[in-house]
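Below is one structure, written out as structure tokens; comments come after it.
What follows is the structure, given as structure tokens:
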């Protein structure tokens with residue numbers, strides 16, 4: 003007897019669904035198999051834009067067409083985790099667990115900067131309420147960390163923000179932000195290495211500039227003091243991160259534990275030697291306002307904008323996702339846990355410092371050292387602070403150099419920089435070429451360039467990347483390439499960014515008064531209305547399989563606003579430097595990167611745009627989850 007047609011239909015549907023699930027399972031299993039290195043070779047000479055001067059000239063003549071094809075081209079998560087990852091020639095070893103990630107997060111964030119930022123923010127903006135500034139800044143960092151975590155869990159690869167932007171906004175947006183981030187990493191790491199010399203000198207009571215730096219007569223000021231100790235530190239850390247990520251994690255855990263012990267010692271000494279009266283009474287009541295909030299709520303938020311930079315470093319943890327054993331479990335714990343612990347430490351440090359010294363007597367450059375140096379019999383504590391800061395510098399430098407190497411490695415996989423930078427060594431399972439290349443450049447910069455010059459060169463790249471990632475996580479949730487109209491989401495992101503920028507400009511430049519309060523309130527109402535309309539009218543196109551940002555799109559939107567607000571707090575020269583770096587990055591992209599990625603596409607090393615739109619994983623699921 004023939005079964006009813008309905009049963010046959012259900013049977014066929016069941017078989018089709020099960021077959022699709024089996025195919026999906028096979029694809030997911032392939033992501034964790036040893037990768038095939040046969041596809042990781044360089045482009046064949048006959049398809050290379052750089053085979054000869056004539057070939058390069060013809061490529062330049064085609065620049066406008068190649069830009070139109072490549073600049074906005076996106077990849078899928080499946081492609082990033084399979085074909086693109088294969089270009090490294092070997093796998094990175096999955097050896098890290100959540101304690102390693104928490105250690106990297108702590109080491110990357112708790113550097114020497116907190117010893118300076120706390121004093122400046124308390125003295126100039128927040129007063130004793132600096133603890134509230136650190137709390138607000140910590141919440142802001144946690145919101146941005148949520149956005150990073152969703153991407154890192156869903157696509158556990160080493161590219162960090164570069165890969166996240168490449169699968170959402172395309173190749174050019176990813177390259178521009180990635181290039182700015184790499185340049186900022188190099189300059190900031192060189193600055194940190196040179197500051198290690200100064201802090202170590204403080205710890206042992208030596209004038210570092212006179213004893214350990216060599217002055218070269220004839221070189222211009224700012225480039226005439228050779229710092230061999232800074233170079234030695236960079237070389238040693240470069241060797242360590244080339245050797246093994248797991249051993250680097252062990253070293254980081256040891257150094258971070260010592261650094262945290264120093265910080266806890268300082269906190270305990272501050273509470274012990276401090277006076278609660280200093281939380282409300284300034285040293286000079288005739289000239290300085292009193293109370294816990296001497297500069298009001300505005301001062302607290304301005305202080306938060308300054309100390310927020312002390313939380314930068316958790317983004318480097320996302321670049322280690324490719325080396326995590328269980329990304330879906332370990333990455334959320336590692337990123338969020340490290341931000342929460344750092345926020346707690348910073349708040350305790352802020353309270354202890356506010357109790358030690360009235361806010362208007364805090365030294366802006368070295369608040370903790372100066373507070374103890376002025377106390378009879380307690381000057382030795384300033385040497386302890388110098389030692390603790392030295393360990394903090396080493397851990398932050400270690401984590402930053404790990405992160406920058408993985409950024410450059412994945413940028414190399416995408417063919418927009420030379421592919422040899424993407425190679426992972428088969429024995430050490432680390433990106434040796436990228437680590438050595440960036441280490442060498444950073445060492446040369448640290449050797450010659452003065453700390454003041456380097457600090458002026460550090461741009462706004464990190465905050466800009468945070469802003470882009472917060473936008474990208476919204477775009478990816480609401481837009482599926484090839485099946486979803488992207489313009490409602492793009493319109494929302496542009497409108498919300500515009501309102502955020504308007505709020506920031508009013509906050510910074512409008513004179514205090516009722517009109518300013520009304521304008522700020524109006525911007526807030528408009529922002530909430532735009533958010534609510536978008537949330538009501540535009541459905542989500544995909545749901546994260548394992549971990550997603552809660553309260554979508556509210557949390558990423560608040561993160562967008564806060565990053566715009568913090569960007570607005572920076573000075574004009576910062577934007578000039580960012581513009582300079584961006585112009586340099588655009589020139590590199592137009593003259594080299596777009597042609598190299600075009601060659602890779604023509605040689606089958608990158609998926610063609612038409613294939614991306616039809617890829618089942620990229621179309622329906624947005625990629626593989628990182629389990």
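Residue numbers (my numbering): 3 to 629.
Ideal Cβ placement from N, Cα and C applies to all residues, glycine included.
Treat the numbers as computed from the prediction; the structure is a model and nothing was measured.
Does residue 509 pass the burial test, meaning 16 or more other C-beta atoms within 10 Å, or should it be called exposed?
With a 10 Å radius around the Cβ and a threshold of 16 neighbouring Cβ atoms, residue 509 comes out buried.
First and last residue of the alpha helix (DSSP H) that includes residue 225?
No alpha helix (DSSP H) holds residue 225; DSSP gives it neither H nor E.
Counting only runs of 4+ residues fully inside the region 404-478, write out the alpha helix (DSSP H) ranges in chain order.
With a minimum length of 4 residues, the continuous alpha helix (DSSP H) runs that stay inside the region 404-478 are 434-450 and 453-459.
Less than 8 Å between the CB atoms is what I'm expecting for residue 104 and residue 271, so what's the real figure, rounded?
No, residue 104 and residue 271 are not in contact; Cβ-Cβ is about 26 Å, not under 8 Å.
Give the DSSP bridge partners of residue 216, in chain order.
228
What does a CB cutoff of less than 7 Å around residue 58 pick up in its chain, not counting 5 residues either side in sequence?
51 and 52
Run the CB neighbour count on residue 300, radius 10 Å, all protein chains shown included, and call it buried at 16 or more, exposed below.
exposed
Tell me, to the nearest whole angstrom, how far the beta carbon of residue 562 is from that of residue 472; I am working on the premise that it is less than 8 Å.
5 Å
Report the start-end ranges of each alpha helix (DSSP H) in the region 483-522 that is 4 residues or longer and not cut off at the edges.
489-511
Around the C-beta of residue 600, are 16 or more other C-beta atoms found within 10 angstroms, so that it is buried, or is it exposed?
buried
How should residue 289 be labelled, buried or exposed, when 16 other C-beta atoms within 10 angstroms of its C-beta is the threshold for buried?
exposed
For the alpha helix (DSSP H) containing residue 101, name the first residue and the last one.
100-111
Can you tell me whether residue 534 is buried or exposed, with buried defined as 16 or more other CB within 10 angstroms of its CB?
By the Cβ neighbour-count rule, residue 534 is exposed, with fewer than 16 other Cβ atoms within 10 Å of its own.
Starting from the Cα of residue 317, find the closest Cα among 176, 496 and 150 and give me that residue.
150
Identify which residue in 604, 116, 281 and 93 has its Cα closest to the Cα of residue 313.
116
How big is the Cα-Cα spacing for residue 166 and residue 485?
Their backbone Cα atoms lie some 20 Å apart in a straight line.
Can you pull the DSSP bridge partners for residue 326?
98
Please determine, among 497, 163 and 129, the residue with the shortest C-alpha to C-alpha distance to residue 475.
163
Please report how far the alpha carbon of residue 279 lies from the alpha carbon of residue 120, in whole angstroms.
19 Å
When the Cα atoms are used, what is the spatial distance from residue 75 to residue 168?
Going by the C-alpha atoms only, they are around 8 Å apart.
With distances taken Cα to Cα, identify the nearest neighbour of residue 113 among 352, 92 and 258.
Closest option to residue 113, Cα to Cα, is 258.
Quick one: grab the DSSP three-state call for residue 607.
Coil.
By Cβ distance, which residues of its chain are closer than 8 Å to residue 426, with the 5 residues on each side in sequence left out?
90, 91, 92, 93, 94, 411, 432, 433 and 434
According to the Cβ coordinates, are residue 385 and residue 205 closer than 8 Å?
yes
Give a yes or no on contact between the region 392-412 and the region 194-205, applying the rule of three or more CB pairs nearer than 8 Å.
Taking 8 Å as the limit for Cβ pairs, the verdict is that the region 194-205 does touch the region 392-412.
Buried or exposed: residue 526, going by 16 or more other Cβ atoms within 10 Å of its Cβ?
exposed
Excluding five sequence neighbours on each side, which residues of the same chain lie with their C-beta closer than 8 Å to the C-beta of residue 41?
Residue placement at residue 41 cannot be trusted, given a pLDDT of 42 that sits under 50; what the coordinates show is reported in the next sentence. Correct list, in chain order: 85, 88, 89, 606 and 607.
Under the criterion of a Cβ to heavy atom distance below 7 Å, does residue 382 qualify as lining the ligand PLP?
Among the components of this structure there are no ligands whatsoever, and the ligand PLP is therefore not found.
Assuming residue 247 contacts residue 97 under a Cβ cut-off of 8 Å, what Cβ separation, rounded to an integer in Å, is found between them?
7 Å
Per the contact definition of three or more C-beta pairs closer than 8 Å, is the region 498-514 in contact with the region 572-585?
no
Do the region 226-234 and the region 443-451 make contact, defined as three or more Cβ pairs closer than 8 Å?
yes
Check whether the Cβ atoms of residue 565 and residue 135 sit closer than 8 Å, and answer yes or no.
no
Since I believe residue 580 is in contact with residue 502 (beta carbons under 8 Å), could you give me their beta-carbon distance rounded to a whole number of angstroms?
About 18 Å; that fails the 8 Å criterion.
Could you tell me the distance, in whole angstroms, from the CA atom of residue 521 to the CA atom of residue 285?
36 Å
Look at the alpha carbon of residue 327 and the alpha carbon of residue 172, and state the distance between them as a whole number of angstroms.
29 Å
Should residue 515 and residue 315 be called a contact, given that it needs their Cβ atoms to be closer than 8 Å?
no
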